[in-house]
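**Q** In this note's numbering, the protein residues as written are 103 to 527.
Backbone N, C-alpha and C fix where the C-beta goes; we use that ideal spot for every residue, glycine too.
Sharing a structure below in structure tokens format, with a few things to ask.
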Amino acid sequence: MAESATFVDDYLADLGPDDADITSHDTYTNGVPHATFARLRRDDPVHWTPEADGSGFWSVTKYDHALHVSRDVETFTSAQGIRLEEMDAEENAARKTMMEMDPPEHTRYRRLVNKGFTRRTVESFEQPIRSLAAEVIERALQNDEFDFVHDIAEELPMRMLGKLLGTSDEHGRKLVTWGDALLGNTDPDFTDYPVDLVDTDEFRMVPFRSPAAIEIFQFAQEQAEKRRGCPHDDIIGQLLEPAIDGVPLTDHEFNNFFTLLVAAGNDTTRYTMTHGVWTMMNHPQLWRGLRGRPDLMVNAVEEVLRTSAVTMHFRRTATVDTELGGKKIRAGDKVAMWFNSANHDEDSFANPFRFDMARPRNDHMAFGRNGPHLCLGAWLARMEVRLVFEELMKRVDRLEPAGDIAHLRSNFIAGIKRMPVRVIA
Ligand code: HEM
């Protein structure tokens, strides 16, 4: 075998069916139907996709088109919602965060937190975050078999994010449970109110139509109260400062902002690290290759991000009649950028189903790309995934699967929610 072969492998033998209903949450309980997305990229890259309630949206499955949509914020607005769910004007206003804003309004809100998430700020937290990763991993490794998601991946991101936000470790567990209920709002394992299975009308004015948002609001207010008159140098403290034209956020804006951070920074990173470990467990030569070449770790993390693309899509809404990929899009139409598909576009990535740590160019869209909404937590997420791999590799020869994995029921988040592993010391 050529030496470079230790750093590459075709990571998916089974790409799933090629006629899956990509709108159905149930579809994804069997994993992402990559064959269906490959067919769409090939045959109908800007595809009108009907929804069960009679509405529909354009599925944009190729990289260049998705990039175009994410950059052209005048034609494709975020202000009418960034997930497929339809909201009326009242709901939209009540649930609005910077994600549902366009520049220049968006820029003013983003500025409030940008500094707290720059590469440099995040790297200044490397040591405490590494220690936390080491502590959690060592505890998990006391058992020869354990659930990687529950014992490691679930434990870390919220506690790591908490270090930047300024919440203490003791709050980590409940923030994880609430965050799960938000992003897992279609999976009965995570909420008693799956939005497409039970009536959630009474929660339509709070984020993700989830009762957990109400508890997060309460917690956010307690945190704000603690800081009033006693400023803290953390992100919650920054959010409370009078920054937007000298005016502080209202309580409601602050609550929504805090909820956004908890929702965005928790499960996404958990599922990314789980996906990475899953890939390497199933392809031990990748794990061995990486152990022998720690200088490839940064590339490996990018490849994990590309191949996992945990936030599978984000939506925009056309503001004017326009054209994309030869299709006429009308003002008001919903347009979904499928990042999972863009990241596997054969015209943008050579051998897209190959995990390649030596990939020369990896401009994946796991965090969006180049548009104003490029993921705020990208540097934090990258560091978290890297530290988990580094600290794991120091301690175990490798991990191997010890049972079936379980996928999240969601057409939005590609998550592995259970992954039993066995330690090879
Ligand atoms: C691997 C993990 C992560 C992935 C795959 C991910 C993915 C994304 C994507 C694709 C977007 C773009 C949304 C759009 O275009 O509308 C985004 C935005 C965002 N992400 Fe992440 N994210 C991750 C981790 C994090 C973390 C750790 C945080 C920390 C708080 C975070 C906070 C945010 C926020 C606040 C936004 C909205 C930015 C804006 O509207 O300006 N994310 N994320």
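Quick check on the DSSP output: the beta strand (DSSP E) that includes R232 runs from which residue to which?
**A** Careful: R232 lies outside any beta strand (DSSP E), inside the alpha helix (DSSP H) at E228 to A242.
**Q** Smallest Cα separation from H354: which of V487, R329, D120 and Q320?
**A** Closest by alpha carbon: Q320.
**Q** Can you check DSSP and say which residues form a bridge with D249?
**A** Paired residues: P522.
**Q** Measure the beta-carbon distance from A504 to R524 and round it to whole angstroms, keeping in mind my assumption that it falls under 8 Å.
**A** The Cβ separation is near 4 Å, so the contact holds.
**Q** Quick check: the Cα distance between S180 and N384, rounded to an integer number of angstroms?
**A** So the alpha carbons of these two residues sit roughly 38 Å apart.
**Q** Quick check for students: name the residue ranges of the alpha helix (DSSP H) that lie wholly in the stretch 310 to 395, counting only runs of 4 or more.
**A** Counting whole runs of 4 or more residues, the stretch 310 to 395 contains the alpha helix (DSSP H) stretches 313 to 329, 337 to 342, 353 to 366, 369 to 384 and 386 to 394.
**Q** In chain order, what are the residue ranges of uninterrupted beta strand (DSSP E) at least 3 long that sit wholly in the stretch 125 to 169?
**A** Taking only runs of at least 3 residues, the beta strand (DSSP E) segments lying wholly in the stretch 125 to 169 are 148 to 152 and 158 to 162.
**Q** Determine the burial state of V300: buried for a count of at least 16 other Cβ atoms within 10 Å of its Cβ, exposed for fewer.
**A** Under this definition V300 is an exposed residue.
**Q** Residues bridged to L426 by DSSP?
**A** Its beta-bridge partners are K429.
**Q** Evaluate E511 with the Cβ neighbour count: other Cβ atoms within 10 Å of its Cβ, from every protein chain shown; 16 or more gives buried, anything less gives exposed.
**A** According to the sequence shown, residue 511 is Arg rather than Glu. Buried, since its Cβ has 16 or more Cβ neighbours within 10 Å.
**Q** So, does the stretch 241 to 256 touch the stretch 201 to 219, judging by three or more C-beta pairs under 8 Å?
**A** Flag = no, the stretch 241 to 256 and the stretch 201 to 219 do not touch.
**Q** Here's the rule: buried if 16 or more other CB atoms are within 10 angstroms of the residue's CB, otherwise exposed. What is D128?
**A** It counts as exposed.
**Q** Considering K496, what are the terminal residues of the alpha helix (DSSP H) in which it resides?
**A** Looking at the DSSP string, the run of the alpha helix (DSSP H) that includes K496 is A480 to R497.
**Q** Check whether the Cβ of A366 lies closer than 7 Å to any heavy atom of the ligand HEM, and answer yes or no.
**A** Correct: A366 has its Cβ closer than 7 Å to the ligand HEM.
**Q** Consult DSSP for M103 and reduce its assignment to one of helix, strand or coil.
**A** In this prediction, M103 scores a pLDDT of 36, lower than 50, which makes its location untrustworthy; the coordinate-derived value is nonetheless stated afterwards. Coil at M103, not helix or strand.
**Q** With DSSP as the reference, label A283 as helix, strand or coil.
**A** If DSSP states are grouped into helix, strand and coil, A283 belongs with the helices.
**Q** Could you check what DSSP says for H475 in three-state terms: helix, strand or coil?
**A** H475 falls in the coil class under three-state DSSP.
**Q** Where does the unbroken alpha helix (DSSP H) through P259 begin, and where does it stop?
**A** Start and end: E257 to L267.
**Q** By the three-class DSSP mapping on this structure, what secondary structure does H466 have?
**A** Three-state DSSP puts H466 in coil, outside helix and strand.
**Q** The ligand HEM and P474: does the residue's C-beta get closer than 7 Å to at least one heavy atom of that ligand?
**A** Checking every heavy atom of the ligand HEM against the Cβ of P474, one is found closer than 7 Å.
**Q** Hey, would you say the C-beta of L489 is under 7 Å away from at least one heavy atom of the ligand HEM?
**A** No, Cβ of L489 sits at least 7 Å from all heavy atoms of the ligand HEM.
**Q** Could you check if L476 is buried or exposed, using at least 16 other CB atoms within 10 Å of its CB as the buried criterion?
**A** With fewer than 16 other Cβ atoms within 10 Å, it is exposed.
**Q** State yes or no: is the C-beta of T376 within less than 8 Å of the C-beta of M521?
**A** Yes, the pair counts as a contact, with Cβ atoms nearer than the cut-off.
**Q** At a threshold of 7 Å, does L341 count as lining the ligand HEM (C-beta to nearest heavy atom)?
**A** No, since every heavy atom of the ligand HEM falls outside the 7 Å radius drawn around the Cβ of L341.
**Q** How should N513 be labelled, buried or exposed, when 16 other C-beta atoms within 10 angstroms of its C-beta is the threshold for buried?
**A** The residue in question, N513, is buried, as its Cβ has 16 or more Cβ neighbours within 10 Å.
**Q** Spell out the partners DSSP gives L117 in its beta bridges.
**A** According to DSSP, which records beta bridges pairwise, L117 is partnered with nothing at all.
**Q** Please report the distance separating the alpha-carbon of A315 from that of Q387.
**A** Cα to Cα, the separation comes out at about 43 Å.
**Q** If you drop the 5 nearest sequence neighbours on each side, which residues of the same chain put their C-beta closer than 7 Å to that of T374?
**A** Result list for T374: V406, L407, S410, V412, A483 and V487, in chain order.
**Q** Start and end of the beta strand (DSSP E) containing R500?
**A** Per DSSP, R500 belongs to the beta strand (DSSP E) from R500 to P503.
**Q** With distance defined between alpha-carbon atoms, name the residue in W160, D116 and T138 nearest to R417.
**A** For R417, the nearest C-alpha among the options comes from W160.
**Q** Candidates L363, T419 and T421: which alpha carbon is nearest A480's?
**A** Of L363, T419 and T421, the residue nearest in Cα terms is L363.
**Q** Between T413 and the ligand HEM, is there a pair consisting of the residue's CB and a ligand heavy atom that are separated by less than 7 Å?
**A** Yes - the ligand HEM has a heavy atom lying nearer than 7 Å to the Cβ of T413.
**Q** Determine whether the beta carbon atoms of I518 and M414 lie at a separation below 8 Å.
**A** Contact flag unset, no.
**Q** What three-state label does DSSP hand H446 in the structure shown?
**A** If DSSP states are grouped into helix, strand and coil, H446 belongs with coil.
**Q** To the nearest angstrom, how far is the alpha carbon of W389 from that of R456?
**A** For W389 and R456, the distance between alpha carbons rounds to 15 Å.
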